[in-house]
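In the working numbering, the protein residues as written are 1032 to 1486.
Here a beta-carbon is modelled for each residue, glycine too, at the ideal position from N, C-alpha and C.
Computed from a prediction, not measured in an experiment: that's the story for all the values here.
Read through the structure below, which is laid out as structure tokens, and then see the notes.
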Ligand SMILES: Cc1cc2nc3c(=O)[nH]c(=O)nc-3n(C[C@H](O)[C@H](O)[C@H](O)COP(=O)(O)OP(=O)(O)OC[C@H]3O[C@@H](n4cnc5c(N)ncnc54)[C@H](O)[C@@H]3O)c2cc1C
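Rendered as structure tokens:
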């Protein structure tokens, strides 16, 4: 269950005289289908020690805002309760990840971390493994097939990823069985500072100096694994049979809406696949279409951010795409907008404004409109680099599922990544173009505008 998902990050030994095994949770914020938690219990049982779980909250993180902290804390409080019900102490500590892990490592037998594919979080892990006085393990639980197992380099096209993945997928479709901790740790005396022993989300928010200007979106998305399970049930029962045909239509609601929960690790993608396969045939065309998004595209995005150090920068797009965009960078634009104008959804294009309002109001944009949204920025800024930066800024600030490999993969796709050259045209060069006319021919766009008219 753990072999291909686990890596030792440093050369330190396990300290058999330590007081506990500690799992410092960051990416996989759930109790069930969590290889990292089960690996930690397995290690603790082998060493005849208790296991504890720690989650660090800081208000110093670049993207700390009320919208996604509320969602995250709603989820983490539920995860805490479920893990404590298994006899495992769950600590919420006000600290940054590196300091927090290192403080706990002083009395630990070993440290277990989950895997994250983004730069900042990778640096955190490197620092922890470098300065820890005990062994540090990393376990990868937020993908179906481990990223480095499948490829050791960046993959340029989805079909290459899909072909490789299909050959090994069955081997990884295994349930994650819960292990029983031999020694319960609920009452372990740890004498730690900085514990955040609040019971409500409001108390956490009050005690954190985070950006409160970005409103929370709990009318649309409530955090927690239980909420993710509810959405998954609705998806399996009502939407999946129509997914292939209707997933691209922004006027209807036929996608799973699981991306915020997947982003925070509140649900495991492996569990999602296994639940679907309990109800549907693997060869069903809707199942295939969904797996293509959830596994192929999602894991290709993780491959991209793992192997391309410039994943969130214009310079990270393929060279053919950059060449063609640069060639057309001085083409005349009919409209140029500032960041403030696009942020406030004040462009001449009512479809684009509706997509931006969807982001501001609900915390997410429908997938099809997300492509249109990012591509139009190329047309309305004086250089594609500026368009790329604005897309990342707005997506990371407002999208509940932002600051994720999928966001950087999706934005760079709009700039030619994973795509081929198309017929050359002004401003876009050979980058695939999207027009408001084609939206109108495909969908009833009036309905989409109506949805987000208020405010
Ligand atoms: C410009 C742009 C920005 C994007 N930003 C994000 C982002 O910040 N976070 C994010 O999770 N996704 C992002 N995507 C990908 C995609 O739009 C969302 O994953 C999807 O709309 C989420 O809605 P859902 O959960 O209902 O999707 P569903 O259609 O139900 O798909 C299920 C899951 O598959 C994965 N998935 C679906 N489409 C894609 C895709 N194109 N690429 C990678 N994985 C995919 C997601 O994890 C999603 O939750 C972006 C796409 C574009 C073009």
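The criterion of a C-beta distance shorter than 7 angstroms is not satisfied by residue 1124 and residue 1166. Apart from sequence neighbours up to five positions away, the residues of its chain that approach residue 1122 with a beta-carbon distance below 8 angstroms are 1083, 1084, 1085, 1086, 1221, 1223, 1226, ordered along the chain.
Closest by C-alpha distance to residue 1313, out of 1176, 1204, 1158, 1432, is 1204. Residue range 1037-1039 is occupied by the beta strand (DSSP E) that includes residue 1037. Checking the 6 angstroms criterion, the Cβ of residue 1402 is within range of a heavy atom belonging to ligand 1. Taken in chain order, the unbroken stretches of alpha helix (DSSP H) that lie wholly in the segment 1062-1102 and span 4 residues or more are 1066-1078.
In the DSSP assignment, residue 1121 falls within the unbroken beta strand (DSSP E) covering 1120-1125.
In chain order, 1281, 1282, 1385 place their CB closer than 6 angstroms to the CB of residue 1479, counting only its own chain and leaving out the 5 sequence neighbours on each side. When the five nearest sequence neighbours on each side are left out, the beta carbons in the same chain lying within less than 7 angstroms of the beta carbon of residue 1421 are those of 1370, 1373, 1408, 1412, in order along the chain. Between the segment 1191-1200 and the segment 1068-1077, the count of Cβ pairs shorter than 8 angstroms is below three; the stretches do not touch.
Within the chosen limit of 6 angstroms, ligand 1 does not reach the beta carbon of residue 1337 with any heavy atom. At least one heavy atom of ligand 1 lies less than 6 angstroms from the C-beta of residue 1328. With at least 16 other beta carbons inside 10 angstroms of its own, residue 1339 counts as buried. If only complete runs of 3 or more residues are kept, the segment 1107-1171 shows the beta strand (DSSP E) at 1120-1125, 1139-1145, 1166-1170, in order along the chain. A distance below 6 angstroms between beta-carbons, with the five flanking residues on each side excluded, links residue 1342 to the following residues of its chain, in chain order: 1335, 1336, 1439. Taking C-alpha positions only, residue 1077 is separated from residue 1426 by approximately 44 angstroms. Judged by DSSP in its simplified three-state form, residue 1313 adopts coil rather than helix or strand. Residue 1252 carries a coil assignment under DSSP once its states are collapsed to helix, strand and coil. Assignment of beta-bridge partners to residue 1056 by DSSP yields 1086. For residue 1353, the closest of 1416, 1186, 1233 by C-alpha to C-alpha distance is 1416. With a threshold of 16 other beta carbon atoms within 10 Å, residue 1044 falls short and is exposed. Short of 7 angstroms from the beta carbon of residue 1245, and not among the five residues preceding or following it, lie these beta carbons of its own chain, in chain order: 1096, 1097, 1098, 1428, 1429.
For residue 1256, the distance from the CB to the nearest heavy atom of ligand 1 is not below 6 angstroms.
Relative to ligand 1, residue 1324 has its C-beta within less than 6 angstroms of a heavy atom. Counted as a single uninterrupted DSSP element, the stretch harbouring residue 1226 is not any alpha helix (DSSP H), since DSSP gives it neither H nor E. Residue 1109 and residue 1350 do not touch by the CB rule: their CB atoms are close to 46 angstroms apart, not below 8 angstroms. For residue 1458 against residue 1446, the beta-carbon gap comes to about 12 angstroms, at or over 8 angstroms, which does not count as contact. Residue burial annotation: residue 1047 is exposed, with fewer than 16 other C-beta atoms found within 10 angstroms of its C-beta.
DSSP, reduced to helix, strand and coil, places residue 1242 within a strand of the structure shown. When rounded, the separation of the alpha-carbon atoms in residue 1185 and residue 1449 is 11 angstroms. Annotated three-state conformation of residue 1034 is helix, per DSSP. Set against 6 angstroms, the gap from the CB of residue 1293 to the closest heavy atom of ligand 1 is smaller. Our two residues, residue 1157 and residue 1365, have alpha carbons roughly 47 angstroms apart in a direct line. Residue range 1189-1203 is occupied by the alpha helix (DSSP H) that includes residue 1193. C-alpha of residue 1061 to C-alpha of residue 1135: approximately 21 angstroms in a straight line.
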